[in-house]
Amino acid sequence: MSEATASRDNGTEPMIEMTGLNKWYGDFHVLRDIDLTVQRGERIVICGPSGSGKSTLIRCINRLEAHQQGGITVGGITMTEDIKRIEQIRRQVGMVFQHFNLFPHLSVLENCCLSQIWVQKKPRHEAEKLAMEYLERVQIAEQAKKYPGQLSGGQQQRVAIARALCMRPEVMLFDEPTSALDPEMIKEVLDVMVELAREGMTMICVTHEMGFAKTVADRVIFMDQGQIIEEAPPETFFNHPRSERTKLFLSQILGH
Amino acid sequence: MTTSSASSEAAQTAMIPQREPPVRRRGVPGWLRQNLFSSPLNSLVSVVMLVVTVMVLWPLLQWAVVQADWLGETRQACTGEGACWVFISARLESIVYGFYPESEIWRVNIVFAMLAGVIAWLVLPRLPAKGWMALFALTGFPIIAFFLLAGGAFGLMPVPTRDWGGLMLTLTIAVVGIVGSLPIGILLALGRRSSMPLVRGVSVVFIEFWRGVPLITVLFMASVMLPLFVPSEVEFDKLLRALVGIMLFWSAYMAEVVRGGLQAIDKGQDEAGMSLGLGYWQRMGLIVLPQALKLVIPGIVNTFIALFKDTSLVLIIGLLDLLSIIQAGLTDPEWLGYAMEGYVFAALVYWVFCFSMSRYSQRIERKLHTGH
Ligand SMILES: Nc1ncnc2c1ncn2[C@@H]1O[C@H](COP(=O)(O)OP(=O)(O)OP(=O)(O)O)[C@@H](O)[C@H]1O
Ligand SMILES: [Mg+2]
Numbered sequence: 001m002s003e004a005t006a007s008r009d010n011g012t013e014p015m016i017e018m019t020g021l022n023k024w025y026g027d028f029h030v031l032r033d034i035d036l037t038v039q040r041g042e043r044i045v046i047c048g049p050s051g052s053g054k055s056t057l058i059r060c061i062n063r064l065e066a067h068q069q070g071g072i073t074v075g076g077i078t079m080t081e082d083i084k085r086i087e088q089i090r091r092q093v094g095m096v097f098q099h100f101n102l103f104p105h106l107s108v109l110e111n112c113c114l115s116q117i118w119v120q121k122k123p124r125h126e127a128e129k130l131a132m133e134y135l136e137r138v139q140i141a142e143q144a145k146k147y148p149g150q151l152s153g154g155q156q157q158r159v160a161i162a163r164a165l166c167m168r169p170e171v172m173l174f175d176e177p178t179s180a181l182d183p184e185m186i187k188e189v190l191d192v193m194v195e196l197a198r199e200g201m202t203m204i205c206v207t208h209e210m211g212f213a214k215t216v217a218d219r220v221i222f223m224d225q226g227q228i229i230e231e232a233p234p235e236t237f238f239n240h241p242r243s244e245r246t247k248l249f250l251s252q253i254l255g256h
Numbered sequence: 001m002t003t004s005s006a007s008s009e010a011a012q013t014a015m016i017p018q019r020e021p022p023v024r025r026r027g028v029p030g031w032l033r034q035n036l037f038s039s040p041l042n043s044l045v046s047v048v049m050l051v052v053t054v055m056v057l058w059p060l061l062q063w064a065v066v067q068a069d070w071l072g073e074t075r076q077a078c079t080g081e082g083a084c085w086v087f088i089s090a091r092l093e094s095i096v097y098g099f100y101p102e103s104e105i106w107r108v109n110i111v112f113a114m115l116a117g118v119i120a121w122l123v124l125p126r127l128p129a130k131g132w133m134a135l136f137a138l139t140g141f142p143i144i145a146f147f148l149l150a151g152g153a154f155g156l157m158p159v160p161t162r163d164w165g166g167l168m169l170t171l172t173i174a175v176v177g178i179v180g181s182l183p184i185g186i187l188l189a190l191g192r193r194s195s196m197p198l199v200r201g202v203s204v205v206f207i208e209f210w211r212g213v214p215l216i217t218v219l220f221m222a223s224v225m226l227p228l229f230v231p232s233e234v235e236f237d238k239l240l241r242a243l244v245g246i247m248l249f250w251s252a253y254m255a256e257v258v259r260g261g262l263q264a265i266d267k268g269q270d271e272a273g274m275s276l277g278l279g280y281w282q283r284m285g286l287i288v289l290p291q292a293l294k295l296v297i298p299g300i301v302n303t304f305i306a307l308f309k310d311t312s313l314v315l316i317i318g319l320l321d322l323l324s325i326i327q328a329g330l331t332d333p334e335w336l337g338y339a340m341e342g343y344v345f346a347a348l349v350y351w352v353f354c355f356s357m358s359r360y361s362q363r364i365e366r367k368l369h370t371g372h
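Going down the list, the protein sequences come from chains G and C.
Each residue of the first sequence is one higher than the one before, starting from 1 at the first, in the numbering used here.
Each residue of the second sequence is one higher than the one before, starting from 1 at the first, in the numbering used here.
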């Protein structure tokens, strides 16, 4: 606990710090010597070809995947094997998944209250009040009593964002939040994310929405074969990419 | 030859005729017409089935109801052609209570009433505080029921379990088996999927051991072999040994049913729980198990029903449950020749309990459906 509170007083400390991170699946080297520092309030977009390790990288931040070498520090807490410490980190990190992963047996409101009640031990009425506030912000408050199965994909993803925000996280991770959505629903989710970025949330987004990257990102990171190949502010990244692989990738996703 | 044009013309005229939009017919005649007599073939099938049903059911009804004898004390009361239900009614007391002392039967009745009350409370949708009632059903009720049935405390006369029998014994074994095997089975299923090798190993060995042995063997082992290993001063009650055996045996089956449900739940559910900072037991209890158990309600109830019926196997270790006490009655020289009545009655009692479980599970399934 003391580490967490100490870090909150110290605003200059980076939100996330990864040094020399290496990860293998069996013999397969997924992440190679990743060094990445994310400051508080920074918005990062990660892109790269399929299978390059983007999901794996951000899932290491809240230990949905375990790494084998290197260090991760989140909000001043250094990651260890200790489950208490891992849970302490997870409480500061909100995550939004490609396939929403809402709990289908719970209503939208209950989805948003779960961690408040069971992790933060808040009384139910307080939890519901905050949940309604966030559902309001993602413009879905009128669906609070419905079950996830009764909502459209875009609505479900907005609920998932509200659910993560209800923990009042310090940083939000997005893993391709729009790639399972029909085109007409992508915008409603991106609008919520842009709004969140404006409010100063620290965000790491894996996405191929280059429009989003251009409007909100402070830095764009390009990964290939488990390595960070290039990182730069969006103008530089899109207009003057340095590496050949980045140029090839950009021509593929922007070129048609 | 203009066959092609002719056939195309035929095809045109054979176009599906326009039909009235479906109208829901009301009342019995409407239902009959729609479901049983909608076409000549359908009508024929309906009539044939009706005739067959009547041909089979009519003699049965004659035997079981119309020509049966209901009232009386001895076999002299049975004069008709049909069933002699006097056989059952004269022995009803031992069929329900076994050899439980007559003066103490009120204790069993209280337990029956409580059991019925608890179940009704849990089943009827209107009644509140189901959570507390379930807690009472799993903690308070077994303790009260134990002291009432076994006695030996609070000034109640002790009744040894060898005097227990009949329906009361069957229900005791079934309820203990059902209430015990589900939680143990859930723990075993979670254990089998655990990331800790020791926990996983123990669960696998346990499940595969109990699943690999016939229940009869388990019961024999519990009643014959256990005393060989345990010093003779320690005396385990025979019923208790059978209960433990049945519980462990069925928990292995339950574990595999539950594991089937756990495997069907997407890994993303657990990951979403992790990302919200929930601990292992919270994730299992709040997210994974509610969904997994719901998926396998049919399998769970199937296991319950099998368990309920297999309680009758305790007769081989000399416990007199419902079936064996009826069977014992058949050998009574006073009542020779009424095996049919005895077995039909036993079957009916088992069927009523099992069918109720089946219906209730279907209702729960419908209620828990949340549109996914
Ligand atoms: N559990 C696993 N076991 C073995 N290999 C895995 C596992 N998960 C991922 N991989 C492999 O690791 C590599 C990186 O996967 P990852 O999901 O991080 O890629 P990604 O960059 O997110 O790709 P995408 O854009 O398709 O989501 C892939 O080659 C994948 O096949
Ligand atoms: Mg991915």
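In this text, a Cβ means the ideal position worked out from N, Cα and C, and glycines have one as well.
None of the values given here were measured: they were computed from a predicted structure.
- Where Ile173 (chain C) falls: helix, strand or coil (DSSP): Taking the first residue of the second sequence as 1, we reach residue 173 (chain C) at position 173. DSSP, reduced to helix, strand and coil, places Ile173 (chain C) within a helical segment of the structure shown.
- Item | Stretch-stretch touch, CB-based, cutoff 8 angstroms, three pairs: the segment 191-207 of chain G with the segment 79-89 of chain G | Inter-segment contact for the segment 191-207 of chain G and the segment 79-89 of chain G is absent: fewer than three beta-carbon pairs are separated by less than 8 angstroms.
- Task: Helix, strand or coil for Tyr134 (chain G), going by three-state DSSP, please let me know.
- Result: Position 134 of the first sequence, counted from the start, is the residue given in the question as residue 134 (chain G). DSSP, reduced to helix, strand and coil, places Tyr134 (chain G) within a helical segment of the structure shown.
- Message: Less than 9 angstroms between the C-beta atoms of Phe103 (chain G) and Ile326 (chain C), yes or no?
- Response: Walking along the first sequence from the start, residue 103 (chain G) turns up at place 103. Walking along the second sequence from the start, residue 326 (chain C) turns up at place 326. Going by C-beta atoms, Phe103 (chain G) is not nearer than 9 angstroms to Ile326 (chain C).
- Item | Within chain C, the residues that Asn101 (chain G) reaches when beta carbons sit closer than 7 angstroms | Stepping through the first sequence from its first residue, residue 101 (chain G) is reached at position 101. Within chain C, the C-beta atoms nearer than 7 angstroms to that of Asn101 (chain G) come from Gly268, Gln269, Glu271, Ala272, in chain order.
- Query: Does any C-beta atom of chain G lie closer than 9 angstroms to the C-beta of Gly342 (chain C)?
  - Reply: Against the second sequence, residue 342 (chain C) aligns to sequence position 342. Chain G contact via Cβ: absent.
- Task: Drop a sphere of 10 angstroms on the beta-carbon of His67 (chain G), count the other beta-carbons inside from all chains shown, and report buried for 16 or more, exposed for fewer.
- Result: Sequence index remark: in the first sequence, residue 67 (chain G) carries index 67 (1-based). Under a 10 Å Cβ-count criterion, His67 (chain G) is classified as buried, with 16 or more other Cβ atoms of the shown protein chains found around its own Cβ.
- What is the rounded straight-line gap between the Cα of Leu64 (chain G) and the Cα of Gly268 (chain C)? Stepping through the first sequence from its first residue, residue 64 (chain G) is reached at position 64. Stepping through the second sequence from its first residue, residue 268 (chain C) is reached at position 268. The straight-line gap from Cα to Cα measures roughly 10 angstroms.
- Of all the options C:Pro290, C:Ala272, C:Val224, which has the alpha carbon lying nearest to the alpha carbon of Leu262 (chain C)? For the purposes of this step, residue 262 (chain C) is identified with residue 262 of the second sequence, where counting begins at 1. Of all alpha-carbon atoms in C:Pro290, C:Ala272, C:Val224, the one lying nearest the alpha-carbon of Leu262 (chain C) is that of C:Pro290.
- Message: Rounded to whole angstroms, what is the Cα-Cα separation between Asp9 (chain G) and Gly149 (chain G)?
- Response: What you label residue 9 (chain G) is simply residue 9 of the first sequence in a count that begins at 1. What you label residue 149 (chain G) is simply residue 149 of the first sequence in a count that begins at 1. In this prediction, Asp9 (chain G) has a pLDDT of 48, which is less than 50 and means its spatial position is unreliable; what the coordinates show is noted afterwards. Cα-Cα distance, rounded: 42 angstroms.
- How big is the Cα-Cα spacing for Leu254 (chain G) and Ser358 (chain C)? Within the first sequence, numbered from 1, the residue matching residue 254 (chain G) stands at position 254. Within the second sequence, numbered from 1, the residue matching residue 358 (chain C) stands at position 358. If I take the Cα positions, the gap works out to 59 angstroms.
- Item | Helix, strand or coil at Cys166 (chain G) according to DSSP, with G and I counted as helix | For this step, residue 166 (chain G) is matched to residue 166 along the first sequence. It is coil, neither helix nor strand.
- Could you tell me which chain G residues have their CB closer than 7 angstroms to the CB of Gln282 (chain C), listed as they occur along the chain? In the second sequence, counting from the first residue as 1, residue 282 (chain C) sits at position 282. Going along chain G in sequence order, the residues near Gln282 (chain C) (Cβ under 7 angstroms) are Trp118.
- Can you grab the Cα-Cα spacing for the pair Cys378 (chain C) / Pro29 (chain C), in whole Å? Because chain C here runs from 1 to 372, residue 378 (chain C) falls outside it and cannot be looked at.
- Message: Give the residues whose C-beta lies closer than 5 angstroms to at least one heavy atom of ligand 1, in chain order.
- Response: One residue after another in chain order, those with a Cβ under 5 angstroms from a heavy atom of ligand 1 are G:Tyr25, G:Val30, G:Ser50, G:Gly51, G:Ser52, G:Gly53, G:Lys54, G:Ser55, G:Thr56.
- Query: Looking only at DSSP bridge pairs, what is Gln69 (chain G) linked to?
  - Reply: For this step, residue 69 (chain G) is matched to residue 69 along the first sequence. Per DSSP, G:Asn22.
- Find the nearest neighbour of Leu71 (chain C) within the set C:Ser103, C:Leu61, C:Leu57, C:Arg91, judged by alpha-carbon distance. Your numbering for residue 71 (chain C) matches position 71 in the second sequence. When only C-alpha atoms are compared, the closest one is C:Arg91.
- Item | Spatially closest choice to Gly146 (chain C) from C:Met168, C:Trp351, C:Ala129, C:Leu50, by CA coordinates | Translated into the one-based positions of the second sequence, residue 146 (chain C) becomes position 146. Here residue 146 (chain C) turns out to be Phe, not Gly, going by the sequence shown. Per the Cα distances, C:Met168.
- Let me know the secondary structure DSSP gives Glu231 (chain G) once reduced to three states. In the first sequence, the residue the question calls residue 231 (chain G) occupies position 231. DSSP, read as helix, strand or coil, puts Glu231 (chain G) in strand.
- Message: Considering only the alpha carbon of each residue, which of G:Gln39, G:Arg40, G:Trp24 lies closest to Asp33 (chain G)?
- Response: Position 33 of the first sequence holds residue 33 (chain G). Measuring C-alpha to C-alpha distances from Asp33 (chain G) to each of G:Gln39, G:Arg40, G:Trp24 identifies G:Trp24 as the nearest.
- Message: Less than 6 angstroms between C-beta atoms, sequence neighbours within five positions excluded: which residues of the same chain meet that for Ser361 (chain C)?
- Response: Locating residue 361 (chain C) in the second sequence gives position 361, counting from the first residue. Contacts found: Ile297, Val301.
- Run down chain C in chain order and give the residues with a C-beta less than 8 angstroms from the C-beta of Ser115 (chain G). In the first sequence, the residue the question calls residue 115 (chain G) occupies position 115. Within 8 angstroms Cβ-Cβ: Leu276, Gly277, Leu278.
- Quick one: Cα of Arg40 (chain G) to Cα of Phe238 (chain G), how far? Locating residue 40 (chain G) in the first sequence gives position 40, counting from the first residue. Locating residue 238 (chain G) in the first sequence gives position 238, counting from the first residue. Those two C-alpha atoms are separated by around 24 angstroms.
- Query: Using the C-alpha atoms, what's the distance from Gly82 (chain C) back to Gln76 (chain C)?
  - Reply: Here residue 76 (chain C) is taken as the residue at index 76 of the second sequence, counted from 1. Here residue 82 (chain C) is taken as the residue at index 82 of the second sequence, counted from 1. Whole-angstrom Cα-Cα distance: 14 angstroms.
- Positions along the segment 175-190 of chain G whose CB lies within less than 7 angstroms of some CB in chain C: Of all residues in the segment 175-190 of chain G, none has a C-beta nearer than 7 angstroms to a C-beta of chain C.
- Straight-line gap, Lys238 (chain C) to Phe229 (chain C) (C-alpha atoms, nearest Å): Numbered from 1 along the second sequence, position 238 holds the residue referred to as residue 238 (chain C). Numbered from 1 along the second sequence, position 229 holds the residue referred to as residue 229 (chain C). Going from the Cα of Lys238 (chain C) to the Cα of Phe229 (chain C) covers about 15 angstroms.
- Message: Helix, strand or coil for Thr139 (chain C)? Go by DSSP, reduced to three states.
- Response: Translated into the one-based positions of the second sequence, residue 139 (chain C) becomes position 139. The DSSP-derived three-state label of Thr139 (chain C) is coil.
- Query: If you measure from the beta carbon of Ile287 (chain C) to each beta carbon in chain G, is any gap under 9 angstroms?
  - Reply: The residue you call residue 287 (chain C) lines up with position 287 of the second sequence. Ile287 (chain C) counts as touching chain G.
- For the 8 angstroms Cβ check, are there 3 or more pairs between the segment 122-142 of chain G and the segment 205-225 of chain G? The segment 122-142 of chain G vs the segment 205-225 of chain G: no contact.
- Message: Is Val96 (chain G) close to ligand 2? I mean its beta-carbon at under 8 angstroms from any heavy atom of the ligand.
- Response: Here residue 96 (chain G) is taken as the residue at index 96 of the first sequence, counted from 1. No, the Cβ of Val96 (chain G) stays beyond 8 angstroms of every heavy atom of ligand 2.
- Taking C-alpha atoms, which residue in G:Met193, G:Met223, G:Ile77 lies nearest to Ala217 (chain G)? Stepping through the first sequence from its first residue, residue 217 (chain G) is reached at position 217. Distance check between Ala217 (chain G) and each of G:Met193, G:Met223, G:Ile77 places G:Met193 closest, using alpha-carbon atoms only.
- Using Cβ-Cβ distances below 7 angstroms, what residues of the segment 350-366 of chain C are close to chain G? Residues are counted here when their Cβ sits less than 7 angstroms from a Cβ of chain G; for the segment 350-366 of chain C the count is zero.
- Query: Using a C-beta cutoff of 9 angstroms, does Pro183 (chain C) count as contacting chain G?
  - Reply: Here residue 183 (chain C) corresponds to residue number 183 of the second sequence, with the count starting at 1. Chain G contact via Cβ: absent.
- Under a CB-based cut-off of 9 angstroms, is Leu262 (chain C) close to chain G? For the purposes of this step, residue 262 (chain C) is identified with residue 262 of the second sequence, where counting begins at 1. Chain G places no beta carbon closer than 9 angstroms to that of Leu262 (chain C), leaving this residue out of the contacts.
- Task: For Met223 (chain G), write down the residues that DSSP places opposite it in a beta bridge.
- Result: On the first sequence, position 223 is the one that residue 223 (chain G) refers to. In DSSP, Met223 (chain G) forms a bridge with G:Ile228.
- Can you pull the DSSP bridge partners for Met95 (chain G)? Looking up residue 95 (chain G) in the first sequence gives position 95. G:Leu173, per the DSSP bridge assignment.
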